[in-house]
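Structure record follows, encoded as structure tokens.
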Amino acid sequence: MTKFSGVSAAIALLVFAVVASLSIGPVAIGPTRLGEVFNAIVANGGRAGLPAEFVRDATILADIRAPRTVLGALVGAAMALAGAVMQGMFRNPLADPGLIGVSSGAAFAAVSWIVLGEGVAHLLPQALAELGMPLAAFAGGLATTLLLARIASRDGRTEIAVMLLAGVALGALSAAGTGLLVFTARDDQLRAFLFWTLGSLGGATWFKIALALPFMLALGLAAPFLARGLDAVALGERAAFHVGIDVERLKRVAVVGVAAAVAAAVASAGTIGFVGLAAPHLVRLAIGPGHRALLPASAVLGAALLLLSDVAARTLATPAELPIGVVTAAFGAPFFLWLLMRRRGRMVG
Amino acid sequence: MSGLLAEAVSVRLGGRLVLDQASVLVRPGEVVVLIGPNGAGKSTLLSALAGDVTPTSGRVLLDGAEVGSFRPRALARRRAVLAQTNDLAFPFTVGETARLGLPVGIARREADAIVARNLALVGLGDAAGRPCSELSGGERQRAHLARVMAQLDAEPDGAPRYLMLDEPTANLDLEHQLATLAVARRHAEAGGGVLAVLHDVNLAAMAADVIVALKAGAIVAAGAPHDVVTDKLVRTLYRVDAEVRGVPEGPFLLPQSARSET
Numbered sequence: 040m041t042k043f044s045g046v047s048a049a050i051a052l053l054v055f056a057v058v059a060s061l062s063i064g065p066v067a068i069g070p071t072r073l074g075e076v077f078n079a080i081v082a083n084g085g086r087a088g089l090p091a092e093f094v095r096d097a098t099i100l101a102d103i104r105a106p107r108t109v110l111g112a113l114v115g116a117a118m119a120l121a122g123a124v125m126q127g128m129f130r131n132p133l134a135d136p137g138l139i140g141v142s143s144g145a146a147f148a149a150v151s152w153i154v155l156g157e158g159v160a161h162l163l164p165q166a167l168a169e170l171g172m173p174l175a176a177f178a179g180g181l182a183t184t185l186l187l188a189r190i191a192s193r194d195g196r197t198e199i200a201v202m203l204l205a206g207v208a209l210g211a212l213s214a215a216g217t218g219l220l221v222f223t224a225r226d227d228q229l230r231a232f233l234f235w236t237l238g239s240l241g242g243a244t245w246f247k248i249a250l251a252l253p254f255m256l257a258l259g260l261a262a263p264f265l266a267r268g269l270d271a272v273a274l275g276e277r278a279a280f281h282v283g284i285d286v287e288r289l290k291r292v293a294v295v296g297v298a299a300a301v302a303a304a305v306a307s308a309g310t311i312g313f314v315g316l317a318a319p320h321l322v323r324l325a326i327g328p329g330h331r332a333l334l335p336a337s338a339v340l341g342a343a344l345l346l347l348s349d350v351a352a353r354t355l356a357t358p359a360e361l362p363i364g365v366v367t368a369a370f371g372a373p374f375f376l377w378l379l380m381r382r383r384g385r386m387v388g
Numbered sequence: 006m007s008g009l010l011a012e013a014v015s016v017r018l019g020g021r022l023v024l025d026q027a028s029v030l031v032r033p034g035e036v037v038v039l040i041g042p043n044g045a046g047k048s049t050l051l052s053a054l055a056g057d058v059t060p061t062s063g064r065v066l067l068d069g070a071e072v073g074s075f076r077p078r079a080l081a082r083r084r085a086v087l088a089q090t091n092d093l094a095f096p097f098t099v100g101e102t103a104r105l106g107l108p109v110g111i112a113r114r115e116a117d118a119i120v121a122r123n124l125a126l127v128g129l130g131d132a133a134g135r136p137c138s139e140l141s142g143g144e145r146q147r148a149h150l151a152r153v154m155a156q157l158d159a160e161p162d163g164a165p166r167y168l169m170l171d172e173p174t175a176n177l178d179l180e181h182q183l184a185t186l187a188v189a190r191r192h193a194e195a196g197g198g199v200l201a202v203l204h205d206v207n208l209a210a211m212a213a214d215v216i217v218a219l220k221a222g223a224i225v226a227a228g229a230p231h232d233v234v235t236d237k238l239v240r241t242l243y244r245v246d247a248e249v250r251g252v253p254e255g256p257f258l259l260p261q262s263a264r265s266e267t
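Top to bottom, those sequences are chains R and Z.
To convert, take the position in the first sequence, counting from 1, and add 39; that gives this note's numbering.
To convert, take the position in the second sequence, counting from 1, and add 5; that gives this note's numbering.
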């Protein structure tokens with residue numbers, strides 16, 4: 040597959056996923072109807088005073104499905120882009136955003152808020168109290184990664200292998216803390232935490248999106264400047280320096296960018312696994328490992344895959360909603376294994 | 006002053022003195038070859054000259070300026086390095102690999118031309134679309150040589166460029182050993198400087214204008230091959246008694262005549 044057709048295919052899949060995500064639900068709003076409602080809102084110059092026949096669908100779309108779709112696309116894109124950057128930076132096809140401690144740090148902070156935050160929550164204004172857990176998760180994820188980067192740095196150089204091992208150790212430490220809090224948690228707290236770890240796009244609001252967007256956008260804007268450096272790092276850090284890359288700066292930008300984007304993604308949708316690992320691999324299989332095309336195509340494919348998973352999560356067990364992390368892993372993992380067995384030579388260098 | 010110069014460079018790694026007051030000058034138009042036993046500090050000296058190891062004492066000057074004062078990108082325009090081992094983490098094609106040496110922002114058509122020219126230079130002209138992971142060890146080595154030559158080929162600015170090769174012939178058959186050394190020679194003839202680490206004393210004597218012999222981190226001899234490559238040097242470096250003979254093209258050593266001292 041050429042780069043152009045590969046990227047086009049990913050974009051087509053994303054368009055399909057967006058339409059599916061907006062259309063499918065307890066109230067079906069087909070693609071034609073989507074267009075009509077959208078045109079009506081535009082013609083009317085807003086939702087106030089909309090003709091009665093459009094009010095219900097416009098409300099569902101604008102207040103529920105559109106934010107959910109936008110958040111899903113953003114989270115999927117952020118996870119996949121972060122995964123592609125991490126795999127390039129660590130020169131390791133196994134790398135995913137969890138490797139630099141974001142997910143485990145965020146989980147520990149989230150459970151801390153759920154179990155210990157009650158006393159503080161009622162002192163805060165309502166809006167802030169509701170955001171307590173996502174904010175805690177964001178702060179916990181970012182702080183863990185920065186601590187990790189600090190541990191792995193000496194004389195201004197970050198040692199990637201040390202970072203990997205320290206990440207495993209910090210992950211174990213956060214897991215221990217998380218386990219201890221889970222052990223002391225009440226049943227309702229336990230349930231809240233469990234659902235958070237399985238991930239959901241259910242609580243999406245425009246306000247949440249506005250909070251998370253800048254951090255995800257930061258990685259997206261940095262990506263074009265990382266592409267050439269990540270290509271060179273495939274040769275090894277020393278050879279990357281030989282061809283003119285400031286490797287230390289590349290590592291700093293990559294780690295901070297990934298940590299911010301993933302912390303924002305995890306904070307707004309929980310720990311959704313697998314998209315960050317799998318999407319870059321699928322893209323690499325289709326169009327090769329060059330990061331200039333790999334990074335944007337991974338983001339597009341990640342967005343599409345997460346939206347499709349969310350559609351499945353919403354519809355497979357109606358009226359109940361499956362946790363999206365269960366869907367991404369249940370469908371993604373067998374597919375990935377199948378690919379791995381068939382095409383192993385082209386996935387790992 | 007033109008040239009790549011190590012001035013009394015010492016390097017201490019993990020408390021061990023790996024390089025002890027080594028001085029080397031690579032002039033434009035010259036091929037300088039480092040020889041010496043395993044662990045003598047050849048690669049460390051090359052790394053110090055390439056700017057990736059900071060000397061514990063002494064200094065490295067590239068055309069008069071401290072090598073550490075260059076930004077990575079500026080340094081990459083002046084020297085290119087072929088490492089001993091070259092592993093790619095992902096399955097890039099031969100063409101993409103050669104392109105990794107080129108700077109950002111180079112026009113696409115020019116990049117294509119440079120890549121094609123340098124793949125042809127190493128005899129991989131028709132392999133551009135093949136994944137590097139499917140190549141033999143020797144072909145892969147040549148693909149990376151093409152990358153390094155492409156790097157020196159891009160954006161010429163008239164300043165001399167230095168080609169640094171760490172055991173470039175290690176995985177190659179005789180034909181490609183000679184071809185690789187011919188690439189290095191042509192680079193020197195075109196006004197560049199070459200520094201190579203070679204293990205084969207015969208290849209070194211054939212390829213070098215200047216041979217620098219290292220042992221235990223210190224330089225024990227330096228000069229033209231016919232002055233430097235002698236029975237005595239071979240004994241000093243490798244603890245091997247062998248007869249060095251000469252032909253008009255230079256000295257040579259027959260391993261068949263060797264008797265190890267130990």
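Ideal placement from N, C-alpha and C gives every residue a C-beta, glycine not left out.
The three-state secondary structure of Z:Pro173, taken from DSSP, is coil. Nearest to Z:Arg32 by alpha-carbon distance, out of Z:Arg84, Z:Gly73 and Z:Ser48, is Z:Arg84.
In the DSSP annotation of this structure, the continuous segment of the alpha helix (DSSP H) that includes Z:Glu101 starts and ends at Val99 to Arg104.
Taken atom to atom, the span from the alpha-carbon of R:Ile248 to that of R:Val109 is near 8 angstroms.
Secondary structure note for Z:Phe257: its beta strand (DSSP E) is the uninterrupted segment Gly255 to Leu258. R:Val54 and R:Gly268 have their C-alpha atoms spaced approximately 30 angstroms apart. Taking C-alpha positions only, Z:Gln146 is separated from R:Val305 by approximately 43 angstroms. Remark: C-beta atoms of Z:Ala81 and R:Gly283 approach each other more closely than 7 angstroms.
In this structure, Z:Val99 lies near Z:Ala133, with their beta-carbon atoms less than 7 angstroms apart. Taking 7 angstroms as the cut-off, the Cβ atoms of Z:Leu258 and Z:Val249 count as close. Annotated three-state conformation of R:Ile63 is coil, per DSSP. Residue pairing by DSSP puts Z:Arg64 in a beta bridge opposite Z:Glu12.
No Cβ of chain R is located within less than 7 angstroms of the beta carbon of Z:Phe257.
Non-local C-beta neighbours of R:Leu378 in its own chain, meaning closer than 8 angstroms and more than five positions away in sequence, comprise His320, Leu321, Leu324 and Met386, ordered along the chain.
Residue pairing by DSSP puts R:Arg196 in a beta bridge opposite R:Arg193.
Counting the other Cβ atoms within 10 Å of the Cβ of R:Met380 gives fewer than 16, which makes it exposed. Along the region 283-314 of chain R, going in chain order, the ones with a CB nearer than 7 angstroms to a CB of chain Z are Gly283, Ile284 and Asp285. Contact annotation: R:Gly179 and R:Ala148 have beta-carbon atoms nearer than 7 angstroms.
DSSP places Z:Ile224 in the strand class (E or B) of the three-state scheme.
Look at R:His281: its C-beta is under 7 angstroms from a C-beta on chain Z. For the region 249-274 of chain R, residues whose beta-carbon sits nearer than 7 angstroms to a beta-carbon of chain Z comprise Arg267, Asp270, Ala271, Ala273 and Leu274.
For Z:Pro136, DSSP records a beta bridge to Z:Thr98. Look at R:Arg277: its C-beta is under 7 angstroms from a C-beta on chain Z.
Straight across, the Cα-Cα distance linking Z:Glu144 with Z:Ile224 is about 33 angstroms. Cβ-Cβ distances below 6 angstroms link R:Thr184 to Ile139, Gly140, Val141 and Ala298 in the same chain, with the five nearest sequence neighbours on each side left out; the list follows chain order.
C-alpha of Z:Ala210 to C-alpha of Z:Asp232: approximately 10 angstroms in a straight line. Just so you know, the alpha carbons of R:Met255 and R:Glu157 end up roughly 29 angstroms apart. Under DSSP, R:Val201 forms no beta bridge with any residue.
For R:Gln228, the enclosing alpha helix (DSSP H) covers residues Asp226 to Leu237.
In this structure, Z:Ala103 sits near Z:Ala155, with a CB-CB distance shorter than 7 angstroms. Using beta-carbon distances, Z:Asp57 counts as an interface residue toward chain R, with a partner under 7 angstroms. Taking C-beta atoms as the reference points, Z:Ala45 and Z:Lys220 count as a pair closer than 7 angstroms.
Residue pairing from DSSP places Z:Glu71 in a beta bridge opposite Z:Leu66.
Contact annotation, Z:Ala247 with Z:Val239: C-beta distance approximately 5 angstroms; criterion of less than 8 angstroms satisfied.
The beta-carbon of R:Gly329 is placed less than 7 angstroms from the nearest beta-carbon of chain Z. Under DSSP, Z:Gly251 takes part in a beta bridge, and its partners are Z:Pro256.
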